[in-house]
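Asks: Please see the structure below; I have some questions.
Here you go:
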């Protein structure tokens, strides 16, 4: 192969090819260095976090020998466990509800023409776009006013807590689920539904037997995304939670204010492992069901930027 | 035993999408057991008409009856019709057997009965042994058969087919044309199919409805439509034809635009602008002066001869247009050469007069 190539190339251009190869290897080297730098930038903090979660010293960032003591503390700490329990319940409940509502919203926008459709479409994207803090303040105001009103009208004693956290998580998760599901729906042949209805299926049965299996990868991806977002959320939860209930991220946030110990590291490592596990599962489900290209990568990116904002 | 009630009765059906009128007040009766074609160029409203019969679109106004029963506002799942969709719309997540049994499942037909009918339908379209395959593991022709079986297994009163052969290549399409016709005879169900391919419509159907811009131009047998087109559009759309412009001079004579008088019967009023439609294969070519006595003829010069296998296509330049003449190819004859002075003739009565 190379012999043929040499014979075909005149002498002058062989020199230029060599020149090019040298420059090419330089570029390659620079690119590789850049890649390593980016990896370092991304993963060094995580590595430090993991390493120091095993440090025996009370001060974060000073190595005092290997210990599993902080994990032991973590296991023995009931308030952390309560927070985890709340986190999981909120995540599961808000995911289930937002998957149902988000899928229906996606279906409505994609399949039906109705008055206010475009406005609805734009509003649905709002929670993805607006800053977390804005969303959080809106939630705080809403729950305060709403609960005050109910307490006044019915003499009830409603306070912010588990329910308000769940509702606020549903509020932002619906958007993410519907974005992912919509991408999948848009790629589906509408005639499949018509064929189902032509074959004596009601609209519901056509959705259940034909549409849903077709968009299942999108729905599953949306669900995992919602679960991750809910487990990770600090800002909105902080504003929507009350003395009754806190989620794990909010609890950790509180720990920092009281003084940092490597306990936080161990808690963070557990959260990290759980989140990464979910994201990997999400990608795996998407890919294995052949839904790779549509929506999810963009949606995952959107989720990230949301957390950063 | 065919029913005297029409299988499909359409009266004054109009369909508007916003400002666009897709179907403009058509009346149509399709008989029990007929193989009926809705033919027209794309955008003529033929597919919309079919979708209204299926229940996938609802008419803006008018009446739609299936075997005498008004169905115009019923959803598709409440109508005794099934559809073979363009590009088939098979369910990709189900295998052949599940695709075919879908309609029966939705109608809650019992398991044993369902299995029996699915096996029967799969056999009918010669797909035995393919039951476990997914649609993406089948060829275009096989997918087409699955789509047919999926519709026929429900024993619809009317089967609707939307460009059923459009996705197949020419050879397969011609095979399937004959097969579909045989299948229709076997099951005895009314078939209504939509096509833009006039040859397909002529080959397969008992009757054809030609549509254009949402209106019905002519309904008739393939022979009616081909030999006696109702107007210029139909004459031009169905097969090839030469349209010689002129005006009606009397009930048996047309004056062509070059002043020549042609014997042609028409029912149009004196002075109406018309065209004389002369089919290429009904025209004959003679050397100038050799034309048979009593046959109408037009003189011209032979400009081009194209050999198309079984025939020769001649292009004859007459002073104001060029006329296409198609003659069977016989190797023993010496055909007229390009540049020869010739006459284009036809048997008396071999032309049709069409107005706009």
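Chains as they are written, first to last, in the numbering used here: chain V, 1 to 309; chain U, 1001 to 1356. Ideal Cβ positions, reconstructed from N, Cα and C, are used throughout, including at glycine. Note that the structure is predicted; figures quoted are calculated from it, not measured.
#1: Look up residue 1102 of chain U in the DSSP assignment and give the residues it is bridged to.
#2: Am I right that residue 1292 of chain U and residue 1345 of chain U are in contact with their C-beta atoms under 8 Å? What's the rounded C-beta distance?
#3: Show which residues of chain V have a CB atom less than 9 Å away from the CB atom of residue 1150 of chain U.
#4: Measure the C-alpha to C-alpha separation of residue 1201 of chain U and residue 209 of chain V and round it to an integer number of angstroms.
#5: For the 8 Å Cβ check, are there 3 or more pairs between the segment 1240-1255 of chain U and the segment 1063-1070 of chain U?
#6: Would you say residue 189 of chain V lies against chain U (beta-carbon separation less than 9 Å)?
#7: How about residue 117 of chain V: is its C-beta nearer than 9 Å to some C-beta of chain U?
#8: What is the DSSP secondary structure of residue 229 of chain V, reduced to helix, strand or coil?
#9: Let me know the secondary structure DSSP gives residue 1230 of chain U once reduced to three states.
#10: In the structure shown, what three-state DSSP assignment does residue 110 of chain V receive?
#11: Please confirm whether residue 1155 of chain U and residue 1026 of chain U have their CB atoms less than 9 Å apart.
#12: Specify the secondary structure class of residue 1303 of chain U as computed by DSSP and reduced to three states.
#13: What's the C-alpha gap between residue 1213 of chain U and residue 1186 of chain U?
#14: So who's on the other strand from residue 1275 of chain U, going by DSSP bridges?
#15: Using 9 Å as the threshold, is the C-beta distance between residue 235 of chain V and residue 138 of chain V below it?
#16: Using a Cβ-Cβ distance cut-off of 9 Å, determine whether residue 214 of chain V contacts chain B.
#17: Where residue 1299 of chain U and residue 1289 of chain U are concerned, what is the direct C-alpha to C-alpha distance, given to the nearest angstrom?
#18: Determine the direct distance from the alpha carbon of residue 1018 of chain U to that of residue 297 of chain V, and round the result to whole angstroms.
#19: Closer than 7 Å by beta-carbon distance: list the chain U residues that pair up with residue 181 of chain V, in chain order.
#20: Alpha carbons only, please: which of U:1182, U:1085 and U:1004 is nearest the one belonging to residue 1124 of chain U?
#21: Could you tell me the alpha carbon to alpha carbon distance between residue 1088 of chain U and residue 172 of chain V, rounded to whole angstroms?
#22: Does any residue of chain V bring its CB to less than 9 Å from the CB of residue 1055 of chain U?
#23: Can you pull the chain V residues whose beta carbon is under 8 Å from the beta carbon of residue 1060 of chain U, in chain order?
#24: Alpha carbon to alpha carbon, how far is residue 1132 of chain U from residue 1096 of chain U?
#25: Is residue 1350 of chain U a contact residue of the ligand MG, with contact defined as CB to any heavy atom under 8 Å?
#26: If you follow the beta strand (DSSP E) that residue 1211 of chain U is part of, which residue opens it and which one closes it?
#27: Taking the alpha carbon of residue 1295 of chain U as the reference point, which residue from U:1316, U:1307, U:1321 and U:1262 has its own alpha carbon closest?
#28: So who's on the other strand from residue 1044 of chain U, going by DSSP bridges?
#29: For residue 201 of chain V, which residues in the same chain have their Cβ closer than 8 Å to its Cβ, ignoring the five residues on either side in sequence?
#30: What are the partner residues of residue 1311 of chain U, as DSSP defines its beta bridges?
#31: Are the Cβ atoms of residue 1317 of chain U and residue 1301 of chain U separated by less than 9 Å?
#32: Could you round the C-beta distance between residue 1274 of chain U and residue 1247 of chain U to whole angstroms and report it? I think they count as a contact, below 8 Å.
#33: Please return the same chain residues whose Cβ sits closer than 8 Å to the Cβ of residue 1091 of chain U, not counting the five positions on each side in sequence.
#34: Out of U:1176, U:1226 and U:1047, which one is the CA nearest neighbour of residue 1198 of chain U?
#35: Tell me which residue opens and which closes the alpha helix (DSSP H) that residue 1009 of chain U is part of.
#36: Residue 1106 of chain U CB to nearest chain V CB: under 9 Å?
Replies: Let's see:
#1: Working through the second chain from its first residue, we reach residue 1102 of chain U at position 102. Answer by DSSP bridge pairing: none, since residue 1102 of chain U is not bridged.
#2: The count along the second chain starts at 1 and reaches residue 1292 of chain U at position 292. The count along the second chain starts at 1 and reaches residue 1345 of chain U at position 345. Residue 1292 of chain U to residue 1345 of chain U, Cβ: 7 Å. Contact.
#3: Reading the second chain from its first residue, position 150 is the one you call residue 1150 of chain U. The answer, in chain order, is 195 and 199.
#4: Taking the second chain and counting its residues from 1, one reaches residue 1201 of chain U at position 201. Taking the first chain and counting its residues from 1, one reaches residue 209 of chain V at position 209. Taking the straight line from one Cα to the other gives about 35 Å.
#5: no
#6: Within the first chain, numbered from 1, the residue matching residue 189 of chain V stands at position 189. It does: the Cβ of residue 189 of chain V has a partner Cβ on chain U nearer than 9 Å.
#7: Start at 1 with the first residue of the first chain, and residue 117 of chain V comes out as number 117. Residue 117 of chain V does not count as touching chain U.
#8: Mapped onto the first chain, residue 229 of chain V falls at position 229. It is helical.
#9: Residue 1230 of chain U sits at position 230 when you count from the first residue of the second chain. Correct three-state label for residue 1230 of chain U: coil.
#10: The sequence position of residue 110 of chain V within the first chain is 110, counting from 1. Residue state, collapsed to three classes: helix.
#11: For this step, residue 1155 of chain U is matched to residue 155 along the second chain. For this step, residue 1026 of chain U is matched to residue 26 along the second chain. Contact: no.
#12: As a first step, residue 1303 of chain U must be located in the second chain, where it is residue number 303. The answer is strand: DSSP assigns residue 1303 of chain U an E or B state.
#13: Counting from one through the second chain, the residue named residue 1213 of chain U turns up at place 213. Counting from one through the second chain, the residue named residue 1186 of chain U turns up at place 186. So the two alpha carbons sit approximately 35 Å from each other.
#14: By one-based count along the second chain, residue 1275 of chain U stands at place 275. Looking at the DSSP assignment, residue 1275 of chain U forms a beta bridge with U:1245 and U:1354.
#15: Here residue 235 of chain V is taken as the residue at index 235 of the first chain, counted from 1. Here residue 138 of chain V is taken as the residue at index 138 of the first chain, counted from 1. No, these two residues do not count as a Cβ contact at 9 Å.
#16: Of the protein chains in this structure, namely V and U, none is chain B.
#17: For the purposes of this step, residue 1299 of chain U is taken as the residue at position 299 of the second chain. For the purposes of this step, residue 1289 of chain U is taken as the residue at position 289 of the second chain. Straight-line Cα distance between these residues: approximately 9 Å.
#18: For this step, residue 297 of chain V is matched to residue 297 along the first chain. For this step, residue 1018 of chain U is matched to residue 18 along the second chain. Any reading at residue 297 of chain V needs caution, since the residue's pLDDT is 41, under 50, leaving its predicted position unreliable; the model's value is listed next. Each residue's alpha carbon lies about 38 Å from the other.
#19: Against the first chain, residue 181 of chain V aligns to sequence position 181. Ordered by position in chain U, no residue passes the 7 Å Cβ test against residue 181 of chain V, which lies about 17 Å from the chain.
#20: Along the second chain, read from residue 1 onward, the residue named residue 1124 of chain U stands at position 124. For the residues U:1182, U:1085 and U:1004, the minimum Cα distance to residue 1124 of chain U belongs to U:1182.
#21: Here residue 1088 of chain U refers to the residue found at position 88 when the second chain is read from its first residue. Here residue 172 of chain V refers to the residue found at position 172 when the first chain is read from its first residue. So the two alpha carbons sit approximately 39 Å from each other.
#22: The count along the second chain starts at 1 and reaches residue 1055 of chain U at position 55. Yes, contact with chain V.
#23: In the second chain, residue 1060 of chain U corresponds to position 60, counting from 1. Under the 8 Å cutoff, chain V gives no residues; its nearest Cβ is about 16 Å from residue 1060 of chain U.
#24: On the second chain, residue 1132 of chain U is found 132 positions in, with the first residue counted as 1. On the second chain, residue 1096 of chain U is found 96 positions in, with the first residue counted as 1. So the alpha carbons of these two residues sit roughly 6 Å apart.
#25: Among the components of this structure there are no ligands whatsoever, and the ligand MG is therefore not found.
#26: Position 211 of the second chain, counted from the first residue, corresponds to residue 1211 of chain U. Per DSSP, the unbroken beta strand (DSSP E) holding residue 1211 of chain U starts and ends at 1207-1212.
#27: Translated into the one-based positions of the second chain, residue 1295 of chain U becomes position 295. The residue with the shortest Cα to Cα distance from residue 1295 of chain U is U:1262.
#28: Taking the second chain and counting its residues from 1, one reaches residue 1044 of chain U at position 44. Paired residue(s): none; residue 1044 of chain U is not in a bridge.
#29: The sequence position of residue 201 of chain V within the first chain is 201, counting from 1. 209 and 210, listed in sequence order.
#30: Here residue 1311 of chain U corresponds to residue number 311 of the second chain, with the count starting at 1. DSSP output for residue 1311 of chain U lists U:1328 as bridge partner(s).
#31: Against the second chain, residue 1317 of chain U aligns to sequence position 317. Against the second chain, residue 1301 of chain U aligns to sequence position 301. Result yes, Cβ atoms of residue 1317 of chain U and residue 1301 of chain U sit closer than 9 Å.
#32: Within the second chain, numbered from 1, the residue matching residue 1274 of chain U stands at position 274. Within the second chain, numbered from 1, the residue matching residue 1247 of chain U stands at position 247. Between residue 1247 of chain U and residue 1274 of chain U the Cβ distance is about 7 Å, and since that is below 8 Å, they are a contact.
#33: Taking the first residue of the second chain as 1, we reach residue 1091 of chain U at position 91. Closer than 8 Å at the Cβ level, and outside the excluded window around residue 1091 of chain U, lie 1098, 1099, 1102 and 1135.
#34: As a working note, residue 1198 of chain U is residue 198 in the second chain. Selected option, being the one with the closest Cα: U:1226.
#35: Against the second chain, residue 1009 of chain U aligns to sequence position 9. Where residue 1009 of chain U is concerned, there is no enclosing alpha helix (DSSP H), although the beta strand (DSSP E) around it starts and stops at 1008-1017.
#36: Here residue 1106 of chain U corresponds to residue number 106 of the second chain, with the count starting at 1. With 9 Å as the cut-off, residue 1106 of chain U counts as an interface residue toward chain V.
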